[in-house]
Amino acid sequence: MDQIKETNLLKKAVKVILIASIPLLVILDFAWVTYVSTPPKSLQVSEILENEGVSNANDIIGEATTSAFIYTVDAILNKDGGYTANDLLVKAGNFDNMPSFERGVVAQAREIGYALRDRFSRGNSNDRANPDLTQMQPLINFSDEAWYPIADSEMNYKKAVKHARNYLKDITTPQENKAKFFARADSLEKYFDKVSQRLGDLTQQLSASSGDVRENTDLANDASASQSSASQSVVYAKTPWLEIDNVFWKAKGEAWALIHYMRGIQIDFESVLNDKNAMPTVKQIIRELEKTQLDFTSFVVLNGNGRGVTANYSLYLSNSISRAKSSIQELQKILNNG
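First residue of the sequence shown: 4, per the working numbering; consecutive thereafter.
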């Protein structure tokens, strides 16, 4: 009888411990998610160059843009909690804000990485591609959520940063003549074309957070255009409820990375931009993108309809990104026409 009582007491004790541990686990999980969900700092070009040990700051064309690429990728790898987009806890649905932010950074890093390899480091299409940038490009294009030990995301992105640092070292030691950076208006315009497309896609997803009826403009402004299959003339666009915060944080990540790239471009392409009287437009783009990084008071991404008492964070973000996109398109016209 005593043995049965002891067994029952033991079971009750275990049950009490398990029940009592649930709130503790929830608190620890919340603390961990909060810790790893703090975005990396936004730095000025001078601070990034100092971190990279570039002493002749702002003297070599290309060092600002290249170091901006290095910083954005390095920052998501070495911030509090490290790179999280490929963590198993993320795959289990434990948290997703910071992983989405990181995917946004990687998306923009791929665009500037391509521009560095195929545009900025080559005087024309017949020039040989830089060896380090040639190796960097496929590494930064590697899956952003691969976690298996042999070829995970972090390993490839760290190698990409290493090759970008090699290129930075080569252009900042011009006497060795190992690498070049060409600040040309046509190359910059082509890069902005890719960026404009990405921002346009983000704007559409963000603005569809509360549902939006739109005219189908797929074939607009081209009388001879056609498509593979028929589609409705009016479409209803709405970002799924469970994806709203993912889109929101991915957009913040893309904007955060683009801020640094625009700051670098502002320095490296200074002569081109001043010649086209386009520097004020670049500054306005940076200003609009910086608005996307303002803190919000709610722990969740509020999703009001835009006319009610509840705010809609996605629409706010969409407005800033849309204005930045419009300025980039204006900048493309200036670079094309002068």
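Yeah, the Cβ is synthetic: ideal placement off N, Cα and C, and Gly gets one too. From a predicted model like this one, the values you see are computed outputs, not experimental measurements.
Item to complete: Leaving aside the five residues before and after LEU80 along the sequence, list all residues of the same chain whose C-beta is less than 7 Å from its C-beta, in chain order.
Response: Residues TYR86, GLU157, TYR160, LYS161 of the same chain have their beta carbon placed closer than 7 Å to that of LEU80, with the five preceding and five following residues left out of the count.
Practice prompt. Use the C-beta contact count for GLN296: other C-beta atoms within 10 angstroms, 16 or more gives buried, fewer gives exposed.
Written response: Exposed is the call here.
Worksheet entry | Reference ALA260, options THR75, THR206, ASN144, LEU205, closest by Cα | Per the C-alpha coordinates, the member of THR75, THR206, ASN144, LEU205 positioned closest to ALA260 is THR75.
Discussion item. Contact defined as beta carbons within less than 8 Å: I believe LYS253 pairs with PHE104. What is the distance between those atoms, to the nearest angstrom?
Written reply: Distance from LYS253 to PHE104 at the Cβ level is roughly 7 Å; contact confirmed, criterion being Cβ atoms closer than 8 Å.
Worksheet item: Within the chosen definition, does the region 271-291 reach the region 133-141 through at least 3 CB pairs nearer than 8 Å?
Response: With the cut-off at 8 Å, the region 271-291 and the region 133-141 do not touch.
Worksheet item: When DSSP labels each residue in this structure, what does ALA95 get in the three-state scheme?
Response: Confidence is the limiting factor: at ALA95 the pLDDT is only 47, short of 50, which leaves the residue's position unreliable, though a coordinate-based value still follows. In the three-state DSSP reduction, ALA95 falls in the coil class, being neither helix nor strand.
Item to complete: Go ahead and pull the three-state DSSP assignment for ASN315.
Response: If DSSP states are grouped into helix, strand and coil, ASN315 belongs with the strands.
Worksheet item: Can you name, in chain order, every residue of its own chain whose Cβ lies under 7 Å from the Cβ of GLU293, other than the five neighbours on each side?
Response: Once the five neighbours on either side are set aside, the close Cβ partners of GLU293 are ILE262.
Discussion item. Output needed for SER330: all residues of its chain with C-beta closer than 6 Å, excluding positions within five of it in sequence on either side, in chain order.
Written reply: These residues qualify, in order along the chain: THR284, GLN287, ILE288.
Worksheet item: By Cβ distance below 8 Å, which residues in the same chain neighbour ASN322 in space, the five residues on each side in sequence not counted?
Response: Around ASN322: no qualifying Cβ.
Worksheet item: Where in the region 56-136 do unbroken runs of the alpha helix (DSSP H), each at least 4 residues long, occur, reported from the N-terminal end onward?
Response: Segments of the alpha helix (DSSP H) lying fully in the region 56-136: 66-81, 91-94, 100-118.
Worksheet item: Applying the criterion that 16 or more other CB atoms from any shown protein chain within 10 Å of the CB defines a buried residue, is GLY56 buried or exposed?
Response: Flag for GLY56 reads exposed.
Worksheet item: Taking the alpha carbon of ASN89 as the point to measure from, which residue in ARG201, ASP204, ASP155, ARG122 has its own alpha carbon closest?
Response: Nearest in C-alpha terms to ASN89, of all of ARG201, ASP204, ASP155, ARG122, is ASP155.
Worksheet entry | Cα-Cα separation between ASP83 and SER190, rounded to whole angstroms | Straight-line Cα distance between these residues: approximately 36 Å.
Item to complete: Tell me whether ILE20 is buried or exposed, calling it buried when 16 or more other Cβ atoms sit within 10 Å of its Cβ.
Response: Under this definition ILE20 is an exposed residue.
Discussion item. Does ASN280 come out as helix, strand or coil in the three-state DSSP assignment?
Written reply: Coil, per DSSP.
Discussion item. Tell me whether the region 112-126 and the region 191-202 touch, counting them as touching only if at least three CB pairs, one residue from each stretch, are closer than 8 Å.
Written reply: They touch, by the three-pair rule.
Worksheet item: Buried or exposed: LYS44, going by 16 or more other Cβ atoms within 10 Å of its Cβ?
Response: Residue burial annotation: LYS44 is exposed, with fewer than 16 other C-beta atoms found within 10 angstroms of its C-beta.
Worksheet item: Whose C-beta lies closer than 6 Å to the C-beta of ALA78 among residues of the same chain, with five residues either side of it excluded?
Response: Only PRO43 meet the Cβ criterion.
Fill in: Nonlocal neighbours in the same chain, by C-beta distance under 7 Å from LYS181, ignoring five residues either side
The answer, listed in chain order, is ASP173.
Practice prompt. Have a look at ASP130 and GLY65 and give me their C-alpha separation to the nearest angstrom.
Written response: In a straight line, the C-alpha of ASP130 is about 17 Å away from that of GLY65.
Fill in: ASN169, DSSP secondary structure in three states
Looking at ASN169 - three-state DSSP - the assignment turns out to be helix.
Worksheet entry | PHE185 vs PHE251 beta-carbon contact at 9 Å | No; because the gap between Cβ atoms is not below 9 Å, this pair is not in contact.
Worksheet entry | Selection from THR206, GLY267, ASN339 that minimises the alpha carbon distance to TYR316 | Of all alpha-carbon atoms in THR206, GLY267, ASN339, the one lying nearest the alpha-carbon of TYR316 is that of THR206.
Worksheet item: Straight-line CA distance for LYS165 to GLU257?
Response: Spanning the two alpha carbons is a distance of roughly 22 Å.
Worksheet item: Do you know offhand how far PRO177's Cα is from ASP62's?
Response: Distance between the alpha carbons of PRO177 and ASP62: 11 Å.
Worksheet item: Is it true that the CB of GLY267 sits closer than 9 Å to the CB of VAL48?
Response: Note that the C-beta distance between VAL48 and GLY267 is below 9 Å.
Practice prompt. Take SER40 and list the residues in its own chain whose beta-carbon comes closer than 6 Å to its own, dropping the five residues that flank it on each side.
Written response: The beta carbon of SER40 lies closer than 6 Å to those of ASN100, MET101 in the same chain, with the five residues before and after it left out.
Fill in: Neighbourhood of VAL198 by C-beta, 8 Å cutoff - its chain only, sequence neighbours within 5 removed
Annotation for VAL198: GLN111, GLU114, LEU261, ILE331 place their beta carbon closer than 8 Å to its own, counting only its chain and skipping 5 residues before and after.
Worksheet entry | Distance, ASN306 Cα to PRO134 Cα | Cα-Cα distance, rounded: 47 Å.
Discussion item. Could you compute how far the alpha carbon of LEU202 sits from the alpha carbon of ILE22?
Written reply: Approximately 47 Å, taken between the alpha carbons.
Discussion item. Taking the alpha carbon of TYR170 as the reference point, which residue from TYR264, ALA67, ASN339, ILE247 has its own alpha carbon closest?
Written reply: When each option's Cα is compared against that of TYR170, the closest is ALA67.
Item to complete: Measure the alpha-carbon distance for ARG125 versus PHE272 and round it to whole angstroms.
Response: Taking the straight line from one Cα to the other gives about 15 Å.
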